[in-house]
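Student: Sharing a structure with you now.
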Amino acid sequence: MRKSKTLLAFLVTAALGCVGVRLASAATISIFPSKDNTLYEYVPADGDRSNALGNHFFTGENR
Amino acid sequence: MPLAITSSPVRTGEIRRGVLAFDIAGSIPPCSTITAVSLSLNMSRTLLETARIVELHKLLADWGEGTSDAPGEEGDGAPATTNDATWRHRFFDTIFWAMQGGDFSAIVSASQSAGPVGFYTWNSTQMVSDVQSWLDNPGFNFGWLVLGDESTLGTAKRFDTRESASPPVLTFEYTPRAMPTPRPRPTPPPRPTS
Chain A
1238 MRKSKTLLAF LVTAALGCVG VRLASAATIS IFPSKDNTLY EYVPADGDRS NALGNHFFTG
1298 ENR
Chain B
25 MPLAITSSPV RTGEIRRGVL AFDIAGSIPP CSTITAVSLS LNMSRTLLET ARIVELHKLL
85 ADWGEGTSDA PGEEGDGAPA TTNDATWRHR FFDTIFWAMQ GGDFSAIVSA SQSAGPVGFY
145 TWNSTQMVSD VQSWLDNPGF NFGWLVLGDE STLGTAKRFD TRESASPPVL TFEYTPRAMP
205 TPRPRPTPPP RPTS
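Going line by line, the protein sequences match chains A and B. The numbering of the first sequence is the working numbering, which starts it at 1238 and goes up by one. The numbering of the second sequence is the working numbering, which starts it at 25 and goes up by one.
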């Protein structure tokens, strides 16, 4: 008898725990890049170019 | 019959592509749901004010930043240093891209028309999907390649980096995973006293 009461209490508690959830609210965040760089088209005469620490990156075709 | 004199077009331009990545998993709780994403870039210099399409494509392999620092207007870059991403390398000078110019998805994550100098914003449902995937699988977060108009000469656009006073900003909305409320512990039955 005592065993069945304990089991019942456990089941009721577990059910309440599954039903009860804290409502999650939407949030907004703004972040900066963790890294950025430019891929400069390879020209043998110039060698491999990069710009890890520069203030700018580039897109498109120059000249 | 006179020979037709033809000349093949001589391209003297050189292509540039930007790459940038954001630490998503380190910024918000795991298992969150991303609902909106936008990327703001400051375009600070352009050869011509003609509007050009600039696309974001998800990168498919990791890449690095060394210590290269281009002089002047930075358009010609600087000699690559150890672990720099270059046209040929993911990490200079030991690990190469599978494709020169970067390994990136053919899917356009977002596109924007950029003309005169100013701030431009990219947003799309594909960007939401990209950021969600980077949150769920941080090991595959290699960021976006920024692809400009490479169809003709003089399309270059210069954007500001994280080292500048007007860095790229990724803004996103998310909903954290709902947390279960603490469960009350069942009261143990009283012990019979002897």
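Virtual Cβ for every residue (Gly too), placed ideally from N, Cα, C. Everything numeric in this text was worked out from a predicted model, so none of it was measured.
(1) Starting from residue 159(B), trace the alpha helix (DSSP H) in both directions and tell me its first and last residue.
(2) Can you tell me which of 93(B), 42(B), 61(B), 210(B) puts its alpha carbon nearest to the alpha carbon of residue 157(B)?
(3) Please confirm whether residue 154(B) and residue 1287(A) have their CB atoms less than 7 Å apart.
(4) Would you mind telling me which residues of chain B sit closer than 8 Å to residue 1261(A), beta carbon to beta carbon, in chain order?
(5) Taking only beta-carbon positions, decide if residue 1270(A) is within less than 7 Å of chain B.
(6) Which value, in whole angstroms, describes the spacing of the CA atoms of residue 1283(A) and residue 52(B)?
(7) Is any beta-carbon of chain A found at less than 7 Å from that of residue 28(B)?
(8) Could you say which of 166(B), 114(B), 174(B), 67(B) lies nearest to residue 47(B) if we only look at CA atoms?
(9) Can you grab the Cα-Cα spacing for the pair residue 73(B) / residue 1262(A), in whole Å?
(10) Within 6 Å: the Cβ of residue 181(B) and any heavy atom of the ligand FMN?
(11) Name the chain A residues that come within less than 9 Å of residue 177(B), Cβ to Cβ?
(12) So, does the stretch 89 to 99 of chain B touch the stretch 117 to 130 of chain B, judging by three or more C-beta pairs under 8 Å?
(13) At a Cβ cut of 9 Å, what residues of the stretch 1271 to 1287 of chain A count as close to chain B, listed as they run along the chain?
(14) Please report whether the beta-carbon of residue 111(B) lies at a distance below 7 Å from any beta-carbon of chain A.
(15) Since residue 60(B) sits in a beta bridge, which residues does DSSP pair it with?
(16) For the stretch 94 to 112 of chain B and the stretch 139 to 153 of chain B, state whether three or more C-beta atom pairs, one from each stretch, are separated by less than 8 Å.
(17) Could you tell me whether any Cβ in chain B is nearer than 7 Å to the Cβ of residue 1258(A)?
(18) So, under 8 Å CB-CB, residue 1277(A) and residue 40(B) are touching, yes? Tell me the CB distance rounded to an integer number of Å.
(19) Which residues of chain A have a Cβ atom closer than 7 Å to the Cβ of residue 126(B), listed in chain order?
(20) Tell me whether residue 142(B) sits in a helix, a strand or coil according to DSSP, three-state version.
(21) At the level of alpha carbons, what is the spacing between residue 135(B) and residue 181(B)?
(22) Identify the continuous beta strand (DSSP E) that holds residue 1264(A) and give its terminal residues.
(23) Give me the Cα-Cα distance between residue 82(B) and residue 164(B), rounded to the nearest whole angstrom.
(24) Among residues of its own chain, excluding the 5 on either side of residue 49(B), which ones have a beta-carbon nearer than 8 Å to its beta-carbon?
(25) If you drop the 5 nearest sequence neighbours on each side, which residues of the same chain put their C-beta closer than 6 Å to that of residue 1293(A)?
(26) Within 7 Å (strictly less), CB to CB, does residue 192(B) reach chain A?
(27) Kindly say whether residue 86(B), judged by its beta-carbon, lies nearer than 7 Å to any beta-carbon of chain A.
Tutor: Looking at the atomic coordinates:
(1) Segment 149 to 160, the alpha helix (DSSP H) holding residue 159(B).
(2) Residue 61(B) is the option with its Cα nearest to residue 157(B).
(3) Residue 1287(A) is positioned such that its CB atom lies no closer than 7 Å to that of residue 154(B).
(4) Neighbours of residue 1261(A) on chain B, chain order: 199, 200, 201, 202, 203.
(5) For residue 1270(A), the nearest CB of chain B lies under 7 Å from its own CB, placing it at the interface with that chain.
(6) Inter-residue distance for residue 1283(A) and residue 52(B) is about 42 Å (C-alpha atoms, whole angstroms).
(7) Unreliable positioning characterises residue 28(B) in this predicted model, as indicated by a pLDDT of 37, which lies under 50. A coordinate reading is not provided.
(8) Residue 47(B) has its Cα closest to that of 166(B), out of 166(B), 114(B), 174(B), 67(B).
(9) If you take the alpha carbons of residue 73(B) and residue 1262(A), they lie about 43 Å apart.
(10) Ligands in the displayed structure: none, and consequently the ligand FMN is not present.
(11) Chain A residues near residue 177(B): 1298, 1299, 1300.
(12) Contact fails: fewer than three Cβ-Cβ distances are below 8 Å.
(13) Under the 9 Å Cβ criterion, the stretch 1271 to 1287 of chain A contributes 1271, 1272, 1273, 1274, 1275, 1276, 1277, 1278, 1279, 1280, 1283, 1284, 1285, 1286, 1287.
(14) Chain A, which has a Cβ nearer than 7 Å to the Cβ of residue 111(B), makes this yes.
(15) Per DSSP, 197(B).
(16) Contact fails between the stretch 94 to 112 of chain B and the stretch 139 to 153 of chain B, because fewer than three Cβ pairs, one in each stretch, are under 8 Å apart.
(17) Residue placement at residue 1258(A) is poorly supported in this model, since its pLDDT is 44, which falls under 50; the coordinates are not used for a value here.
(18) Yes, they are in contact, since the Cβ atoms of residue 1277(A) and residue 40(B) sit about 6 Å apart, within 8 Å.
(19) Those within 7 Å of residue 126(B) in chain A are 1276.
(20) Residue 142(B) falls in the strand class under three-state DSSP.
(21) Distance between the alpha carbons of residue 135(B) and residue 181(B) is about 14 Å.
(22) From DSSP, the beta strand (DSSP E) with residue 1264(A) extends over 1264 to 1268.
(23) Put simply, the backbone Cα of residue 82(B) is about 10 Å away from that of residue 164(B).
(24) These residues qualify, in order along the chain: 158, 159, 162, 165.
(25) So the list is empty, once near-sequence residues are dropped.
(26) At least one chain A Cβ lies under 7 Å of residue 192(B).
(27) No, its Cβ sits nowhere closer than 7 Å to a Cβ of chain A.
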